[in-house]
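Enquirer:
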Amino acid sequence: MNRRRAGRILTAVLIAALAVPLMYGMVQLPAPGHADAPAHTNVSAGYIERGAELGGSENLVTGVLLNFRALDTFGEVLVIFTAWLAVAAVAGTASNAERDPVPPSPVVDYVIRLLGPFIAIFALFVIVNGHVLPGGGFQGGVLLGAMLILLSLVMDAETVARAVSARSWIWLRATGVLVFAMVAVMGLPLAGYLFGLPDEPGLRQVLTVALELGIGIGGGAVLAGLFFAIAGADRS
Amino acid sequence: MIDAAHALLVCFLVIAGAAFFFIGTLGLLRFPDFYTRIHAVTKCDALGAGLVLLGLAIWRGPDGEGVRILALIALLLISSPTAGHALARAAFRTGLKPWTRNDGERDGEIPGDASERD
Amino acid sequence: MTGSVTAKYREMRVNATDLFDLVLLALLLTCAIGIARLKDLAACAILFSAYSFILCLVWAHRGAPDVAMTEAAVGAGITTVLFLVVISRVGRREK
Amino acid sequence: MNEWSLIPLFWGTLIFLLINAFACLWRGLAGPTLPDRILAANVIGTKTMVVLVLLGLAREQGIWLDVALVYGLLSFTVTLVAGRLLETGRLKGAWKQ
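Chains as they are written, first to last, in our numbering: chain G, 2 to 237; chain R, -9 to 108; chain W, 8 to 102; chain H, 223 to 319.
Structural data, given as structure tokens:
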């Protein structure tokens, strides 16, 4: 009991001792958004000036993600695909194997079937406009995944299996990785280095949108696949 | 003159929406059990958000942003009641007992507390 | 004399932006500490989605709509759904 | 002129809504049953969505409306999935509060 109390006091003292220098540092930071802050005077000025031209997209974030740091983004796409592979290896890929005892509410059923196409259209809008507006592949992909999860709440497994076979699901989930790898290799002849985008603006735009679409469809299918794999796993 | 009327209308709509939000919050905090709370909250939220967004859409006029706000209103008016319905149905099916007048007379006990099925 | 007093008063008056920041931070802190003290994992997951919604407001306010959208989509939406479905498999109680 | 004069109203409304969300958070943290907490999170989601729209219009950032649409769709998804998991009895658990 006494040792526990001493440990608590020690923790509090340590946290306080850590907090003092951190607060001291916080006070000396420049105000957020201040023009003279080091973050805004050194490298980011160059990005803001020439990023839209070099990166090939109006939205600088997308340009940085898909061009300057393409290898990093490729790693992210690989990570979520690997996550699905791991979950599927542990939990199996059977989706909604047992029928739920409670039928879904007819209201929810109707509304989800009504909203589904609109969610899909909005997701495509977010994906395709990723180089102009906020958003892009991942965000639109999450919307697609949310739509698939919502549909899986009201549809039975047989209908889904008839629409998309298990083999096509795997290919859909690999779309992101495959498209990204293809564009990366295409950089070799077109731009001279891996992950390079060509200089010609039209072709570059097409490749950017293709990348976003690949990430979006692959990401959505992977997220929905995670949900199906965990929800449909045997409870043993 | 039209501008003043326009501004007054937007003002009225936004303040009315905020008032509905406040009533919904009061209901969420003060009502005795889940069903009465969801009754207060879903109505007041849909109405409050709808009125505020309608005021903003009128303020923007029919440009791209106004149309997006209208889409948001449509989404809200469809999704908010559906979510409330699904939640209330789920609670009822899992055996959450509604509050009755007798429950209030036992002092110091929150009615929803004892009724969650194990 | 009076002019300087009113100028000082204007300086002291809390800016709407600052007030907004303060309320947001108070909300975030309350939410985080409350989640840390809860023992019911499903409730933690649900409140974590509320936390993400508030955090998304912070990102938007700081001028990063891309991050805000990611936070709303991934942090508040998909992560909560995955948490909930995992909790439905492994049990709700914190060990 | 007219547009300029309404901005303070927007700021006031959004701070008022945030304080309301604070009150709802109390229900989320204290609420005796899980449906109460889901309801509180749903309400906080709606309020913050309206706050985001107001903030975007007050700061003339119309593109934030897309973020608000994503908000609305995903808070809807979370509520429906949580409700369905509750309904099918998978989220029950021998646990009160």
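Even glycine gets a Cβ: it sits at the ideal position worked out from N, Cα and C. Note that the structure is predicted; figures quoted are calculated from it, not measured.
What is the rounded straight-line gap between the Cα of W/V97 and the Cα of G/G141?
Expert: 30 Å
Enquirer: When the Cα atoms are used, what is the spatial distance from G/L195 to G/Y48?
Expert: 21 Å
Enquirer: Which residues, in order along the region 264 to 291 of chain H, keep a beta-carbon less than 9 Å from a beta-carbon of chain G?
Expert: I285, W286, D288, V289, L291
Enquirer: Counting only runs of 4+ residues fully inside the region -8 to 78 of chain R, write out the alpha helix (DSSP H) ranges in chain order.
Expert: Listed in chain order, they are -8 to 20, 24 to 50.
Enquirer: Mapping the DSSP letters down to three states, classify H/R259 as helix, strand or coil.
Expert: helix
Enquirer: Can you list the residues of chain G that H/L296 reaches, using a CB-CB cut of under 7 Å?
Expert: Those are A147, listed as they occur along chain G.
Enquirer: Can you list, in chain order, the residues of its chain whose CB lies under 6 Å from that of H/V265, leaving out five sequence neighbours each side?
Expert: C246
Enquirer: For the region 215 to 231 of chain G and the region -1 to 11 of chain R, state whether three or more C-beta atom pairs, one from each stretch, are separated by less than 8 Å.
Expert: no
Enquirer: In this structure, does DSSP put W/R3 in helix, strand or coil?
Expert: No answer is possible for residue 3 of chain W: the residues shown for chain W start at 8 and end at 102.
Enquirer: Within the same chain, show all residues whose beta-carbon is closer than 7 Å to that of W/I42, passing over the 5 residues directly before and after it, in chain order.
Expert: C51, L54, F55, Y58
Enquirer: Measure the Cβ-Cβ separation of G/V155 and G/P105 and say whether it is below 9 Å.
Expert: Yes; because the gap between Cβ atoms is below 9 Å, this pair is in contact.
Enquirer: Comparing alpha-carbon positions, which option in W/G84, W/L62, W/D25 lies nearest W/V74?
Expert: W/L62
Enquirer: Taking just the CA atoms, how far does G/L66 sit from G/L79?
Expert: One Cα belongs to G/L79, the other to G/L66, and the distance between them is close to 15 Å.
Enquirer: Using only the alpha-carbon positions, how far apart do G/G215 and G/L179 sit?
Expert: Within the model, the alpha-carbon separation for G/G215 versus G/L179 is close to 8 Å.
Enquirer: Once the 5 residues before and after R/H(-4) are set aside, which same chain residues still bring their CB inside 7 Å of it?
Expert: A distance below 7 Å between beta-carbons, with the five flanking residues on each side excluded, links R/H(-4) to no residue of its chain.
Enquirer: Just the Cα atoms here: how many angstroms apart are G/G131 and G/T63?
Expert: 7 Å
Enquirer: If we count the other Cβ atoms within 10 Å of its Cβ and call it buried at 16 or more, is W/H68 buried or exposed?
Expert: buried
Enquirer: Ordered along the chain, which non-local residues of its own chain (more than five positions away) have a Cβ less than 6 Å from that of G/G52?
Expert: L61, G64
Enquirer: Quick check on G/S106 - is its C-beta less than 9 Å from some C-beta in chain R?
Expert: yes
Enquirer: Tell me whether G/A98 sits in a helix, a strand or coil according to DSSP, three-state version.
Expert: Summary for G/A98: the model assigns pLDDT 49, below 50, so the residue's position carries little reliability, and this model does not support an answer.
Enquirer: Span of the alpha helix (DSSP H) holding H/S297?
Expert: 286 to 309
Enquirer: Kindly give me the distance between the Cβ atoms of R/L65 and R/L43, rounded to whole angstroms, as I take these residues to be in contact under 8 Å.
Expert: Contact doesn't hold; Cβ gap of about 10 Å is too wide.
Enquirer: Here's the rule: buried if 16 or more other CB atoms are within 10 angstroms of the residue's CB, otherwise exposed. What is R/A73?
Expert: Taking all protein chains shown into account, R/A73 has 16 or more neighbouring C-beta atoms within 10 Å of its C-beta and is therefore buried.
Enquirer: The alpha helix (DSSP H) spanning W/D25 covers which residue range?
Expert: 23 to 44
Enquirer: If we cut at 9 Å on Cβ distances, does W/A75 have a partner in chain G?
Expert: Yes, because at least one Cβ of chain G sits closer than 9 Å to the Cβ of W/A75.
Enquirer: If we count the other Cβ atoms within 10 Å of its Cβ and call it buried at 16 or more, is R/R91 buried or exposed?
Expert: exposed
Enquirer: Step through the CB atoms of chain R and report whether any lies within less than 9 Å of the CB of H/L251.
Expert: no
Enquirer: Express the C-alpha separation of W/T86 and G/G177 in angstroms, rounding to a whole number.
Expert: 20 Å
Enquirer: Whose Cβ in chain G lies nearer than 7 Å to the Cβ of W/L31?
Expert: Residues of chain G passing the Cβ test: none, with the nearest at roughly 13 Å.
Enquirer: Would you say W/A80 reaches chain G, if we count a Cβ-Cβ gap shorter than 9 Å as a contact?
Expert: yes
Enquirer: Would you mind reading off the limits of the alpha helix (DSSP H) that contains G/A38?
Expert: Per DSSP, G/A38 lies in no alpha helix (DSSP H) segment and is marked neither H nor E.
Enquirer: For W/I53, is the beta carbon positioned less than 8 Å from some heavy atom of the ligand SAM?
Expert: Questions concerning the ligand SAM fall outside what the structure shown contains, since it holds no ligand whatsoever.
Enquirer: For the alpha helix (DSSP H) that contains G/E201, what are its first and last residues?
Expert: First-last for G/E201: undefined, no H or E at that position.
Enquirer: Please list, in chain order, the residues of the region 63 to 83 of chain R that have any C-beta partner in chain G closer than 7 Å.
Expert: I68, T72, H75, A76, R79, R83
Enquirer: According to DSSP, is G/D157 helix, strand or coil?
Expert: The answer is coil: DSSP assigns G/D157 none of H, G, I, E or B.
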